[in-house]
DNA sequence: TCAGTGTCTCTAAATCGTTC
DNA sequence: GAACGATTTAGAGACACTGA
C-alpha cells in the first residue's frame, strides 16, 4: 500500500515537473513571439516611412534640404548642438529626429529622413568628449582654481557630484596672450556612483574625474598644440576646496591638499636632482646617505641581503621617491616666503548655508534666553497639558504617536515658545508636509483674495526640512499679520462647531502676543539683512 | 577606402498598469 | 500596497550603406 502510494507520488511529482517545464517553455515562446511581432510592426512602420520618403519633393528639393543640415554625410555642428540642447530639455532620444523634421518643415524644409536614435546617442556622447576637452583646456590655461563636491544617497547607492571654479579663458589679446573672464565660472564635472562616503573613496573619485579629463584632452589635436595636461599641473593650480560642514568633507580637503603637497615636493625634488646631477660628489653623498638609511630601516646589511628580490626592488623605489621628496623639502625651504606661499596656499571653506543655519539657530537661542536675563515678560508658552501631543507632533515628529509623559509636557513647556516655534506650528497649518493635512489650499485661496493677487506663494515649509524657511515665514507673518489674524478667524468660523484645534489655538494666540511678535520681527530682520543677501 | 550614419539586435533599468 | 508582467527608454555592439 505504502509502496503504491510512493509510486503514485513519484509519478505525480514527475508530471508536475513536466508541466512546469512545458509552462516555462511556452512562456519563453510567447515572449519570443511577442518580440518578433514588435520587430515586424516596427519594420512595417519603417516601410510606410520609406514610402513617405519617396513621395517627398523632387530630387533637387531633397538635395537642397540635405545640404541645409548636412555637410556630406555628416550632420552640421549647428544640428548637433541643437540635438544636445533638445536632450538637455528632456526630449527623448527616440523623438529628436521627428522634432528636427517638424521644425525644418515649419521653415519650409522638407526632410526625407530623420536622425536615428543611435546617431542622437552618439551626438550626446560627443557632448561628453567636448565637455572634457573644454575642461582640460581651461585647466591647462587657468592660473588657479578651486574644487567642490557633495554626495547624497538614493536607494542605498551613493552619488558624488563634482564642480570646479575658475576664471575661464575667453579669448586672446593682440599679443596672442590668453584673456581670462573677470569673475570665476563654475563648471560641472560630473556625478559619479561611489561605493561609499569615505574620504578615501571620495579622493579616488576626484582623481578619476581628473584622469578622465586628462585622458580625453591629451589624446586631442588641441593638446598637441597647447601641451598635455598632467595631475601635477592640475594640482599645482589647485588652490583649495569647499564643501559642507561634514567631517569627511574636511578630511577630503586635507587629503587633496596632501596630494598637492606631495606632487609639489616631487616636482621640486626632481628639479633639484637635475641641478646636482653635474656635481657627482654631492650626488654620491646623497645616494650613500639614503642607501644607509634604507639598510638601517631593514635591520642591517644581513637582513637587507636576506630580503626577497621583489621586496628589495620595492624598497629601492620607495627610497628613491623619499630622496626626491627630501630634496623637494629642501628646495621649498630655500624659497622666499612669498614664493613658497604661492606654491602651497590652500583654502578650505565650509558651506555658508550651514553657517547661516547655525547663526540663525544660535541667535534664536540667545534671544529666547534673553527675556529671563533682562527680567522682562517673555512670549507665551505654546504647549500645555491639553495640546502637548499635537505640539510634539510638529516639533518632535520623530517621537511619533508614543504616549506623552509628564516629563514630555514639562520639556515642551520649556522649549515651545517664541517666534521660531510659532513658525513651526504655523507651517503645520498653512503648508503641511502632507497634502491632506492642514489648510494649505485654503491658505493660498484666502491670500489671493485678501491680497488681491492672482497667484501667491505657498507658506514657507517650516514643517519640512527647508533652508531659510523659518526666516521666510517670519517675514511672511510680520508683513501680512492682519491677513493671517483674519485667516485664523476664517478657519474657525468655517467649521461646524466653530472651534480651533489645539495647534490653531496656539498659533492664533501667538499672532496676538507682543513678545512672540517681537521675536518674529527680529528673525524677519535677520533674514532680510543677512540670510537673503548672502545666500 | 574610410568615416559618419542607419538598422537590427540584445540587454538593463525605470515606469506603467493590472491584479489580488 | 505588494507583486508581477508589459512597455518605454536608453546603451551599446555588429554590420551595412553611402558620399567624399
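In the working numbering, the protein residues as written are 2 to 536.
Cβ atoms here follow ideal geometry from the backbone N, Cα and C, with glycine treated the same way.
Assuming residue i and residue j form a contact by the criterion Cβ under 8 Å, report the distance between their Cβ atoms to the nearest whole angstrom.
{"i": "residue 381", "j": "residue 418", "result": "7 Å"}
{"i": "residue 562", "j": "residue 469", "result": "Only positions 2 to 536 of the chain appear in the structure, and residue 562 is not among them; the question remains open."}
{"i": "residue 227", "j": "residue 141", "result": "6 Å"}
{"i": "residue 192", "j": "residue 161", "result": "7 Å"}
{"i": "residue 451", "j": "residue 484", "result": "5 Å"}
{"i": "residue 508", "j": "residue 426", "result": "5 Å"}
{"i": "residue 311", "j": "residue 305", "result": "Contact flag wrong, Cβ pair sits at about 14 Å."}
{"i": "residue 137", "j": "residue 215", "result": "7 Å"}
{"i": "residue 341", "j": "residue 333", "result": "6 Å"}
{"i": "residue 326", "j": "residue 267", "result": "6 Å"}
{"i": "residue 424", "j": "residue 536", "result": "About 18 Å separates the two Cβ atoms, so there is no contact after all."}
{"i": "residue 219", "j": "residue 229", "result": "4 Å"}
{"i": "residue 159", "j": "residue 195", "result": "5 Å"}
{"i": "residue 324", "j": "residue 287", "result": "7 Å"}
Using only the alpha-carbon positions, how far apart do residue i and residue j sit?
{"i": "residue 109", "j": "residue 428", "result": "55 Å"}
{"i": "residue 453", "j": "residue 360", "result": "36 Å"}
{"i": "residue 534", "j": "residue 519", "result": "22 Å"}
{"i": "residue 526", "j": "residue 517", "result": "14 Å"}
{"i": "residue 55", "j": "residue 122", "result": "Here the model assigns residue 55 a pLDDT of 49, short of 50, so the residue's position is not dependable and the matter cannot be decided."}
{"i": "residue 487", "j": "residue 430", "result": "14 Å"}
{"i": "residue 290", "j": "residue 263", "result": "22 Å"}
{"i": "residue 352", "j": "residue 245", "result": "5 Å"}
{"i": "residue 462", "j": "residue 432", "result": "6 Å"}
{"i": "residue 100", "j": "residue 172", "result": "35 Å"}
{"i": "residue 57", "j": "residue 103", "result": "Its pLDDT being 48, under 50, residue 57 is placed unreliably in this model, and the value from its coordinates should be taken loosely. The straight-line gap from Cα to Cα measures roughly 14 Å."}
{"i": "residue 187", "j": "residue 243", "result": "13 Å"}
{"i": "residue 203", "j": "residue 81", "result": "34 Å"}
{"i": "residue 501", "j": "residue 524", "result": "27 Å"}
{"i": "residue 406", "j": "residue 261", "result": "56 Å"}
{"i": "residue 119", "j": "residue 84", "result": "12 Å"}
{"i": "residue 368", "j": "residue 146", "result": "40 Å"}
{"i": "residue 349", "j": "residue 296", "result": "40 Å"}
{"i": "residue 107", "j": "residue 497", "result": "59 Å"}
{"i": "residue 175", "j": "residue 181", "result": "14 Å"}
{"i": "residue 358", "j": "residue 309", "result": "58 Å"}
{"i": "residue 112", "j": "residue 438", "result": "54 Å"}
{"i": "residue 282", "j": "residue 303", "result": "27 Å"}
{"i": "residue 183", "j": "residue 94", "result": "37 Å"}
{"i": "residue 12", "j": "residue 91", "result": "58 Å"}
{"i": "residue 250", "j": "residue 455", "result": "45 Å"}
{"i": "residue 356", "j": "residue 362", "result": "10 Å"}
{"i": "residue 370", "j": "residue 495", "result": "38 Å"}
Select from the options the residue whose C-alpha is nearest the C-alpha of residue i.
{"i": "residue 255", "options": "173, 515, 145, 346", "result": "346"}
{"i": "residue 521", "options": "266, 365, 181, 332", "result": "365"}
{"i": "residue 505", "options": "516, 497, 493, 498", "result": "493"}
{"i": "residue 294", "options": "272, 319, 279", "result": "319"}
{"i": "residue 164", "options": "130, 249, 239", "result": "239"}
{"i": "residue 511", "options": "185, 422, 331", "result": "422"}
{"i": "residue 271", "options": "213, 248, 330", "result": "330"}
{"i": "residue 515", "options": "471, 372, 315", "result": "372"}
{"i": "residue 208", "options": "190, 383, 225, 112", "result": "190"}
{"i": "residue 223", "options": "302, 131, 252, 344", "result": "131"}
{"i": "residue 491", "options": "440, 475, 129", "result": "440"}
{"i": "residue 476", "options": "531, 438, 503", "result": "531"}
{"i": "residue 257", "options": "276, 77, 235, 129", "result": "235"}
{"i": "residue 78", "options": "95, 112, 94, 124", "result": "124"}
{"i": "residue 383", "options": "377, 489, 503, 250", "result": "503"}
{"i": "residue 322", "options": "303, 302, 301, 292", "result": "292"}
{"i": "residue 89", "options": "128, 307, 259, 378", "result": "128"}
{"i": "residue 241", "options": "233, 166, 314, 213", "result": "166"}
Going by beta-carbon coordinates alone, are residue i and residue j separated by less than 8 Å?
{"i": "residue 134", "j": "residue 217", "result": "yes"}
{"i": "residue 198", "j": "residue 152", "result": "yes"}
{"i": "residue 445", "j": "residue 459", "result": "yes"}
{"i": "residue 284", "j": "residue 278", "result": "yes"}
{"i": "residue 116", "j": "residue 97", "result": "yes"}
{"i": "residue 200", "j": "residue 253", "result": "yes"}
{"i": "residue 139", "j": "residue 185", "result": "no"}
>> Which runs of the alpha helix (DSSP H) at least 4 residues long sit entirely within the region 241-329? Give them in chain order.
In response: 248-277, 281-299, 302-307
> Taking the runs of the alpha helix (DSSP H) that are 4 residues or longer, which of them lie wholly in the region 73-146?
Replying inline: 78-89, 94-107, 118-142
> In chain order, which continuous runs of the alpha helix (DSSP H) of length 4 or greater are located wholly inside the region 330-356?
Replying inline: 338-345
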